[in-house]
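Report on the structure given below.
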Amino acid sequence: MTNSETKATLSFSDGSPALEMPIYKGSIGPDVIDIRKLYGSTGMFTYDPGFMSTAACNSSITYIDGDKGELLYRGYPIEQLAVNGGDFLETCFLLLNGELPTADQKKDFVATVTNHTMVHEQMQFFFRGFRRDAHPMSVLVGTVGALASFYHDSLDINDPHHREVSAIRLIAKMPTLVAMAYKYSIGQPFVYPRNDLSYSANFMHMMFSTPCEPYKTNEVLVRALDRILILHADHEQNASTSTVRLAGSSGANPFACIAAGIACLWGPAHGGANEAALSMLEEIGSVDNISHFIEQVKDKNSGVKLMGFGHRVYKNYDPRAKLMRETCYEVLQELGLQDDPLFKLAMALEKIALEDEYFVSRKLYPNVDFYSGIVQRALGIPTALFTGIFALARTVGWIAQWKEMISDPEQKIGRPRQLFVGSPKRDVPAIDKR
Ligand code: SDX
Numbered sequence: 004m005t006n007s008e009t010k011a012t013l014s015f016s017d018g019s020p021a022l023e024m025p026i027y028k029g030s031i032g033p034d035v036i037d038i039r040k041l042y043g044s045t046g047m048f049t050y051d052p053g054f055m056s057t058a059a060c061n062s063s064i065t066y067i068d069g070d071k072g073e074l075l076y077r078g079y080p081i082e083q084l085a086v087n088g089g090d091f092l093e094t095c096f097l098l099l100n101g102e103l104p105t106a107d108q109k110k111d112f113v114a115t116v117t118n119h120t121m122v123h124e125q126m127q128f129f130f131r132g133f134r135r136d137a138h139p140m141s142v143l144v145g146t147v148g149a150l151a152s153f154y155h156d157s158l159d160i161n162d163p164h165h166r167e168v169s170a171i172r173l174i175a176k177m178p179t180l181v182a183m184a185y186k187y188s189i190g191q192p193f194v195y196p197r198n199d200l201s202y203s204a205n206f207m208h209m210m211f212s213t214p215c216e217p218y219k220t221n222e223v224l225v226r227a228l229d230r231i232l233i234l235h236a237d238h239e240q241n242a243s244t245s246t247v248r249l250a251g252s253s254g255a256n257p258f259a260c261i262a263a264g265i266a267c268l269w270g271p272a273h274g275g276a277n278e279a280a281l282s283m284l285e286e287i288g289s290v291d292n293i294s295h296f297i298e299q300v301k302d303k304n305s306g307v308k309l310m311g312f313g314h315r316v317y318k319n320y321d322p323r324a325k326l327m328r329e330t331c332y333e334v335l336q337e338l339g340l341q342d343d344p345l346f347k348l349a350m351a352l353e354k355i356a357l358e359d360e361y362f363v364s365r366k367l368y369p370n371v372d373f374y375s376g377i378v379q380r381a382l383g384i385p386t387a388l389f390t391g392i393f394a395l396a397r398t399v400g401w402i403a404q405w406k407e408m409i410s411d412p413e414q415k416i417g418r419p420r421q422l423f424v425g426s427p428k429r430d431v432p433a434i435d436k437r
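Here you go:
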């Protein structure tokens, strides 16, 4: 971060003294105006609901250019990482440490993660408290938060070693907990992790194997899942990452912070959109119904949105959506489902929307969630678990951002202010006078 030559000057039409504010430059992307002195100098706050024009921190992890449709993890384009940049654990190492691992570093990292995939044997009893049809995200919020009760040896956030151990434990145990949530929902026994399998193969094994017969992973499907995890790993200061940072700014332990991130991701405007997008496609049913559906979307009173479309930052095609569509095609081909009606419906809907003025004028393009439901359904993942897979993948991004925040010397507890529009001070009347 460097000081720009240019300063920002805030002047007031009522003749109040102008305020000069420094402008900082990052390595790429928009500059920022440092408004930290604003309240002290003017007694006024900025007003920015939804933080449309607010940089809450400085970060070197993920960069998004919404106009170009560009996504970089530590400077590397997502297209290269997802297609020929190695597997999800390489991306995890990159996001956590800033550089891609050497072969030896990767070997050590994989071994460390692999040897932390089991959860405490007591964890299984938490699941029994849930209904079998509980939404998996409610189970994950509960069980991830509960991890803190087993790891009193790694809760001191000011100890770098504790931060490192917690990061590994969370990345390693999320697949186990997500698979346990699935097994519990279908009444099958939990499957223990296997150290002889890769991260994604192990997840597929814990999800779909049973004690009754050997389970053989399909390498094409494992690779597809691994790519889905890479595509969802991090995404700058999105709502759930900002939630993790805000929770972490109070000094809360990492398990509690990640549980908060999972809760935020659950929302249909955020990570819940993949589940909502698939339900939307099933509701549309056929290509013939697309035009009627699009009319409903354009009617503001309908409250209907084109789920999997639009983005706060991308005003161009989400690069992850392109890669997700390719992965979708590969998986459907491998499974002999290339004529999958939902995939064809999704592509027809995308084509129609991208040619429609309503979407073009609002720069609404497919986002990461538009195709992810179709490919996850083809992999055998139930719709209700789609957002759980998103949380599994995003855990490394949340943890990397949390670690960066904790070690940032500028870090302090996050505490936004408000524009108060309620009642001024008044006296309480006796009840017979109300
Ligand atoms: C994720 O932030 C991240 O990085 C998130 C994420 C990540 O990796 O962490 O990328 C993951 O959350 C992707 C987004 C998944 N959500 C959805 O697909 C849900 C559908 N999308 C919308 O809810 C919406 O596009 C948002 C929430 C994603 C973005 O909303 P914004 O930036 O607040 O935009 P907006 O609501 O101000 O919309 C601008 C206009 C409005 O119309 P006008 O008032 O100008 O007439 O576009 C319209 C909106 O009504 N609009 C849509 C729409 N999205 C926006 N209209 C129909 N369908 C949509 N999907």
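Quick note, in my numbering, the sequence shown goes up one by one and the last residue is 437. The C-beta atom is built at its ideal place from N, Cα and C for all residues, glycine as well.
Straight-line spacing of the CA atoms in A272 and D435 works out to 46 Å.
Following the DSSP letters along the chain, one finds T65 inside the beta strand (DSSP E) bounded by residues T65 to D68. Each of A204, L232 and M209 was checked against the Cα of E222, and the nearest Cα belongs to A204. Contact between A149 and F129 holds, with the beta-carbon distance rounding to 5 Å and staying under 8 Å. Taking 4 residues as the minimum length, the alpha helix (DSSP H) runs contained wholly in the segment 216-252 are 222-234 and 242-252, in order along the chain. A distance below 6 Å between beta-carbons, with the five flanking residues on each side excluded, links E23 to the following residues of its chain, in chain order: K10 and T12. In this structure, F312 has its CB closer than 7 Å to one or more heavy atoms of the ligand SDX. If you check the CB distance, A263 and T246 come in under 8 Å. The bridge partners DSSP lists for K10 are P25.
By the criterion of a C-beta distance shorter than 7 Å, V290 is surrounded in its chain by L348 and A351, once the five residues flanking it on both sides are discounted. A Cβ-Cβ distance of about 18 Å is found for the pair E278 and T398, leaving them out of contact under the 8 Å criterion. Listed in chain order, the alpha helix (DSSP H) elements of length 4 or more contained wholly in the segment 270-302 are 276-287 and 293-301. Distances from the CB of R131 to the heavy atoms of the ligand SDX are all 7 Å or more. Taking C-beta atoms as the reference points, P25 and N6 count as a pair closer than 8 Å. Distance from V116 to L92 at the Cβ level is roughly 6 Å; contact confirmed, criterion being Cβ atoms closer than 8 Å. Under the rule that a run must span 4 or more residues, the alpha helix (DSSP H) segments found entirely inside the segment 140-208 read 163-189.
One alpha carbon belongs to S410, the other to N100, and they sit about 13 Å apart.
Taking 7 Å as the cut-off, the C-beta of N370 counts as close to a heavy atom of the ligand SDX. DSSP places T49 outside both helix and strand once states are collapsed to three, so it counts as coil.
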